[in-house]
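The structure under discussion appears below in the form of structure tokens.
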Amino acid sequence: MNGIHILFIVIITVLRTSLTSGHFKGIDRPRCKNSEGHPIKAHSDTRSRVYALRRLMAHRNPNQALSAYIVSSFDDHQNLDVADCDKRREYISGFSGLRADVVITQKSLALWTTERYLAQANSELDCDWTIFDMQNYPSITDWIGSELPPDSRVGADPQTIPHFLWSKYDTHLHRKLIRLVKVSRNLVDEIWTAKPIPFNGEIFVQPLYHSGEKWQTKIMSLRLRMVETRSDAIIITSLTEISYLLNLRSNDLAHTPVFKAYMIVSHNETLLYVDKTRINLGIKLHLKAEPCFTGDICIKIRDYYAVWHDIKSYSHHWHNVIVPSQCAFDMGASESIYSSLPKDIIQNIVSPVIFMRAQKNDIEREGMRKAHIIDGLAMCETLHYLEQKFKAGHKLTESSVSKIVDYFRTGQPSNKGLSMKTIVSYGRHSSIPHFEIFNTTDIEIGDDSVIVIESGGQYQEGTTKITRTLHFGTPTAEQKTAYTNVLRGIIRLSTLVFPDKLKTSEVDALTRVPVWGAHYDYPLSTGHGIGSFLSVKESPINIDYSAIEDAMLTFKAGYFFSN
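Just so we're aligned: the sequence shown equals residues -22 to -1, 1 to 541 in mature numbering (1 follows the signal peptide of the UniProt record, and there is no 0).
Here it is as structure tokens:
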């Protein structure tokens, strides 16, 4: 058997060796080649950072050296839109787009991103980097398997990778005889000089006249759901879930009014793990925190980092604990949370809070209407201003229009910021879903094509996300037909009366019918959930879950024709 095993290893090694780094070339990068077609070695600040990281990978304890290191876009709470201090992937690669993953070996550098960001990645990344489309072959694990021999060690920070994704990586790499190992101290943090300081601003109460339900009632509802699943406790890592449950908000993230914290809810106590210096007397009174005894409906406030000690301590008394799984836009708990518990007590299910949060009460629904009226006023002012400027002959570009949209929205008295980065695309760019503006792609607005403005705002009354399609000239017959077909689909969806068990995938098909009738389609979901002064993309409403009464959705039907 040993001889067979050795032969198997030899065969695998030969196959691996044949798949050199040149096998997976990534996207074509003409700017990285000279006139003779040879690669250009560009210089950037990231090269010294990569060098420092590689030294850390190599100079570890005996038998602990890493052949590769994965850097994700997620923070410790599995957010993608992260604070400056958590932009590790941007620091090491130089790529500033929202979604990407990076793998660094001793000889190669690779980045995966979505089609939306490929042009931006090509512009921002050093020519040392190979860029891949995240939706296409090869995957991260395929590429690692072609770069590394069997018995290699691939490191990653388990706090910044969701459990479901870690399991996927681990399974695929194991098949290639490569080990995925947990690195407790993030290596990018180790080399990050002058790292930005985490936001330490005010945490404030979302008052009852906006939230519509006391936090005590929400905790009791959660405990009833825990009874249904026979759970002793739930560990909550999602910042939007915590903010929703406790009727608290802050500004830790650029577009989502949340604060960094963990929660543990059992049947007889509720614990909030947060930076205590941010908890003022008003918040303590709101949470009934002092005094707070076991069995009372109150919140015990613990230090943010104490959650790791408490999880291990409480796990000795739990028989079943909910560790949230992935659901639509929520990534679930990190691998670090998951691996801190005995596997036999884990209930890896969708967090019940997601379904509670999605179903808006009367006050929240009315608040969302008010938020859209306020937001509509801002958009009317924006469109009037743009039209006047264009008629007067002023030069308008995608980036300048974006700034104008933001100016009028944030100028509303009750505005609390943007719910997303404003996206303005014109002409050929308007055919790219969620097009991102950056220096080399910004173009001037003319009168011969379509302008698409995708934007949204945060208000204490609610969250908005809207898209407006404009034309400063005379639309073509094809543009008019496309616009009309999309409008017909939106009207069908807006006026639909449907049973409560209807799947949103069925609603999706109904909305696409007018577009399909013209033999076209759009590469997006038709809509998704939206928060109440929370996230602009809110689970579970997408294409995989039944519609819920009182849930709020935003419609995204569209038409995309290249150039």
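All C-beta atoms in this analysis are idealised placements derived from N, C-alpha and C, irrespective of residue type, glycine included.
When the five nearest sequence neighbours on each side are left out, the beta carbons in the same chain lying within less than 7 angstroms of the beta carbon of TRP170 are those of TYR69, in order along the chain.
The DSSP-derived three-state label of GLY273 is coil. Between LEU512 and VAL236, the CB-CB gap stays under 9 angstroms. Annotated as proximal: LEU250 and ALA239, with beta-carbon spacing under 9 angstroms. In the same chain as LYS254, and ignoring 5 residues on each side of it, the C-beta atoms closer than 7 angstroms to its own belong to ILE279 and ASP281, in chain order. Check the Cα spacing between ASN164 and each of ARG157, GLN137, LEU76 and PHE182: the tightest is with GLN137.
Using a Cβ distance threshold of 9 angstroms, MET309 and PHE73 do not count as a contacting pair.
Within the DSSP secondary-structure output, ARG446 pairs in a beta bridge with ILE431.
Under the 8 angstroms Cβ criterion, the stretch 367 to 377 does not count as touching the stretch 206 to 214, having fewer than three qualifying pairs. Taking all protein chains shown into account, THR442 has 16 or more neighbouring C-beta atoms within 10 Å of its C-beta and is therefore buried.
The C-alpha of LYS154 is placed about 18 angstroms away from the C-alpha of ILE82. With a cutoff of 9 angstroms on beta-carbon distance, ASN100 and ARG227 are scored as not near each other. Taking C-beta separations shorter than 8 angstroms and ignoring five residues to either side along the sequence, the partners of PRO116 in its chain run PHE2, PHE110 and SER124, following chain order.
Within the model, the alpha-carbon separation for ASP486 versus LYS515 is close to 17 angstroms. In the DSSP assignment, THR248 falls outside any alpha helix (DSSP H) and within the unbroken beta strand (DSSP E) covering 248 to 252. ALA356 places its beta carbon 9 angstroms or farther from that of GLY395. Under the three-state reduction of DSSP, ILE410 is assigned to coil, being neither helix nor strand. If you look at TRP121, you'll find it isn't in any beta strand (DSSP E); it sits in the alpha helix (DSSP H) that goes 118 to 125. The C-beta distance from THR447 to TYR461 rounds to 6 angstroms, short enough to fall under 8 angstroms.
Between the alpha carbons of SER329 and THR452 lies a gap of roughly 50 angstroms. Three or more Cβ pairs drawn from the stretch 187 to 202 and the stretch 339 to 347 lie within less than 8 angstroms of each other, which places the two stretches in contact. Annotation: ASN178 to PRO127 spans about 45 angstroms, alpha carbon to alpha carbon. The DSSP assignment places 277 to 281 as complete runs of the beta strand (DSSP E) inside the stretch 271 to 334, in order along the chain (cut-off: 3 residues). With 16 or more other CB atoms across the displayed protein chains lying within 10 angstroms of its CB, GLU439 is buried.
Spanning the alpha carbons of THR234 and THR489 requires a straight line of approximately 29 angstroms. Here the alpha carbons of ARG131 and LEU44 stand approximately 5 angstroms from one another. Its Cα nearest to that of ILE175, the residue ALA61 stands out among ALA61, LYS196, ILE242 and ALA88. Measuring C-alpha to C-alpha distances from ARG406 to each of ASP420, LYS173 and TYR437 identifies ASP420 as the nearest. Judged by their CB atoms, PHE450 and PHE368 are nearer to each other than the 9 angstroms cut-off. In this structure, MET241 sits away from ILE261, with a CB-CB distance that is not shorter than 9 angstroms. Its chain contains ILE5, ILE109 and ASP111 as the residues whose beta carbon lies nearer than 7 angstroms to that of LEU96, once the 5 sequence neighbours on both sides are disregarded; these appear in chain order. Comparing alpha-carbon positions, the option among THR400, ASP59 and SER392 lying closest to ILE431 turns out to be THR400. Counting the other Cβ atoms within 10 Å of the Cβ of ASP53 gives 16 or more, which makes it buried.
A buried status is given to GLU376, since no fewer than 16 other beta-carbon atoms sit within 10 Å of its beta-carbon. Non-local beta-carbon contacts of GLU102 in its own chain, meaning distances under 7 angstroms to residues more than five positions away in sequence, involve GLY72, PHE73 and SER74 in chain order. Minimum Cα-Cα distance from ALA46 among the listed residues TYR29, LEU58 and PHE333 corresponds to TYR29.
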